[in-house]
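Take a look at the structure set out below.
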Amino acid sequence: MNKYAGALDFSAKNVIITGGLSGAGKEISKVFIESGANVILTYNHSSDAASWFRENYPGHDIKFFRLDQSDLGSIEEFAAWLGSLDVKVDCLVNNAGIYPAKDIDDIEPDDYDAMMDTNTRGLFFLVKAIRHLLAEGSSVINISSINATNPARKLAHYGISKAAVEMMTRSQAQAYGPEVRVNCIAPGLIFKQGQEEFIPGWTESYKERSPLHKLVLAEEIGKTCLFLASDLSSAITGQTITVDCGIQLAPCFYNELE
Ligand SMILES: NC(=O)c1ccc[n+]([C@@H]2O[C@H](COP(=O)([O-])OP(=O)(O)OC[C@H]3O[C@@H](n4cnc5c(N)ncnc54)[C@H](OP(=O)(O)O)[C@@H]3O)[C@@H](O)[C@H]2O)c1
Numbered sequence: 030m031n032k033y034a035g036a037l038d039f040s041a042k043n044v045i046i047t048g049g050l051s052g053a054g055k056e057i058s059k060v061f062i063e064s065g066a067n068v069i070l071t072y073n074h075s076s077d078a079a080s081w082f083r084e085n086y087p088g089h090d091i092k093f094f095r096l097d098q099s100d101l102g103s104i105e106e107f108a109a110w111l112g113s114l115d116v117k118v119d120c121l122v123n124n125a126g127i128y129p130a131k132d133i134d135d136i137e138p139d140d141y142d143a144m145m146d147t148n149t150r151g152l153f154f155l156v157k158a159i160r161h162l163l164a165e166g167s168s169v170i171n172i173s174s175i176n177a178t179n180p181a182r183k184l185a186h187y188g189i190s191k192a193a194v195e196m197m198t199r200s201q202a203q204a205y206g207p208e209v210r211v212n213c214i215a216p217g218l219i220f221k222q223g224q225e226e227f228i229p230g231w232t233e234s235y236k237e238r239s240p241l242h243k244l245v246l247a248e249e250i251g252k253t254c255l256f257l258a259s260d261l262s263s264a265i266t267g268q269t270i271t272v273d274c275g276i277q278l279a280p281c282f283y284n285e286l287e
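Okay, here's the thing in structure tokens:
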């Protein structure tokens, strides 16, 4: 008998994925749906993608809600709607986020505020707003980035916003245990069709330098979410798990010493 065979069966579990209709969030949503979960997927602009989920997962319990997480009023509306469903939430994946690149010398207060409002303030107040709806034994998963610990000239405000998410994770984990575990995932570069057009050279360089010689697949972020949402990670809280194919192990200049 395999004692742990059912550990990743999310049947009858209620899982929220923010930004769950597009980008990496869509793959995270698929992973949870295919593990049996009832999902609540929020979107900001990608409402059209709801039909893709309805067509591909007929008979599954999938709910959709428009949430602009940079807007505190929208967060309150979402919390009220969620409360009206009369369900307890077993997992919240805080995936939605923005990362418009801008040189550190060109970042204006509005750029900085937009980044913080969406990536940091939104997560904080979303968790606060739905805290009472989180089930005992539930799991919150915040999505950060390896930019939280690795500065990049054109992503300074992004890195700052994600560093705050990692600290937020520790604060929430401390405050909301033992009922709720809160963890964070810091992805490296996630593979996307056509991304080479936006950042020429990056994908090849990433593959070459990372020990696994590949980019991260969004599904791999989803699988890490499954682990953190499951009882397999029952003693883990307040942690950030890096999922980057080992890119941060790329040889630094010390390796060039004779
Ligand atoms: N891609 C990477 O290589 C990478 C690496 C490290 C970390 N990450 C992180 O992974 C997460 C997903 O990234 P991604 O690459 O999938 O990004 P993406 O393709 O640009 O998608 C962003 C997602 O966030 C949602 N969103 C944006 N602004 C929002 C707002 N104000 N309110 C609510 N939802 C909003 C979008 O929803 P709509 O489409 O409905 O507007 C979309 O689902 C982000 O937190 C990002 O920082 C990504």
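In this note's numbering, the protein residues as written are 30 to 287.
Just so it is clear, CB atoms sit at the ideal spot from N, CA and C, and this is done for glycine as well.
Drop a sphere of 10 angstroms on the beta-carbon of residue 80, count the other beta-carbons inside from all chains shown, and report buried for 16 or more, exposed for fewer.
To locate residue 80, count along the sequence shown from 1; it is residue 51. The residue is exposed, with fewer than 16 neighbouring Cβ atoms inside 10 Å.
Name the two residues that bound the continuous beta strand (DSSP E) containing residue 216.
For the purposes of this step, residue 216 is taken as residue 187 along the sequence shown, with counting starting at 1. Segment 209-216, the beta strand (DSSP E) holding residue 216.
Let me confirm a value: residue 150 is counted as buried when at least 16 other C-beta atoms fall within 10 Å, else exposed. Which label applies?
For the purposes of this step, residue 150 is identified with residue 121 of the sequence shown, where counting begins at 1. Classification of residue 150: buried, given that the 10 Å Cβ count is 16 or more.
On the CB-based measure, 16 or more other CB atoms within 10 Å of its CB, does residue 33 come out buried or exposed?
Stepping through the sequence shown from its first residue, residue 33 is reached at position 4. Exposed, since its Cβ has fewer than 16 Cβ neighbours within 10 Å.
At a cut-off of 7 Å, would you count residue 128 as near ligand 1, judging by its Cβ distance to the nearest heavy atom?
As a first step, residue 128 is located in the sequence shown; it is residue number 99 there, counting from the start. Residue 128: yes, Cβ under 7 Å from ligand 1.
Comparing C-alpha positions only, which one of 219, 55, 223, 280 sits nearest to residue 272?
Along the sequence shown, read from residue 1 onward, the residue named residue 272 stands at position 243. Among 219, 55, 223, 280, the Cα nearest to that of residue 272 is on 219.
Give a yes or no on contact between the stretch 118-134 and the stretch 54-62, applying the rule of three or more CB pairs nearer than 8 Å.
Result yes; three or more Cβ-Cβ pairs closer than 8 Å.
Given the structure, does residue 242 come close to ligand 1, in the sense that its CB is under 7 Å from one of the ligand's heavy atoms?
For the purposes of this step, residue 242 is taken as residue 213 along the sequence shown, with counting starting at 1. Answer for residue 242: no, Cβ out of range of ligand 1.
Using beta-carbon positions only, say whether residue 25 and residue 90 come within less than 8 Å of one another.
A question about residue 25 goes unanswered here, because the residues of the chain that appear run from 30 up to 287.
Judging by CA-CA distance, which residue of 49, 242, 192, 222 is the nearest neighbour of residue 78?
Locating residue 78 in the sequence shown gives position 49, counting from the first residue. The candidate whose alpha carbon is nearest that of residue 78 is 49.
Considering only heavy atoms of ligand 1, does any lie closer than 7 Å to the CB of residue 216?
Here residue 216 refers to the residue found at position 187 when the sequence shown is read from its first residue. At least one heavy atom of ligand 1 is nearer than 7 Å to the Cβ of residue 216, so yes.
Compare the beta carbon distance of residue 167 and residue 194 with 8 Å and say whether it is the shorter of the two.
Here residue 167 refers to the residue found at position 138 of the sequence shown. Here residue 194 refers to the residue found at position 165 of the sequence shown. In this structure, residue 194 does not lie closer than 8 Å to residue 167 by Cβ.
With 16 other CB atoms within 10 Å as the buried threshold, where does residue 283 fall?
Your numbering for residue 283 matches position 254 in the sequence shown. Flag for residue 283 reads exposed.
Using a Cβ-Cβ distance cut-off of 8 Å, determine whether residue 42 contacts chain D.
Within the model displayed, chain D is absent; a lone protein chain is all it includes.
Quick one: grab the DSSP three-state call for residue 136.
The residue given as residue 136 occupies position 107 in the sequence shown. Note: residue 136 maps to coil in three-state DSSP.
Spatial neighbours of residue 96 within its chain, please: CB distance less than 6 Å, with the 5 preceding and 5 following residues excluded, ordered by chain position.
One-based indexing of the sequence shown puts residue 96 at position 67. Around residue 96: 71, 103, 107.
Answer yes or no: the CB of residue 239 versus the heavy atoms of ligand 1, is any distance below 7 Å?
Locating residue 239 in the sequence shown gives position 210, where the first residue counts as 1. Result no, Cβ not under 7 Å from ligand 1.
With a cut-off of 8 Å on the beta carbons, I'd call residue 69 and residue 42 a contact; round off their distance for me.
The sequence position of residue 69 within the sequence shown is 40, counting from 1. The sequence position of residue 42 within the sequence shown is 13, counting from 1. Contact flag wrong, Cβ pair sits at about 11 Å.
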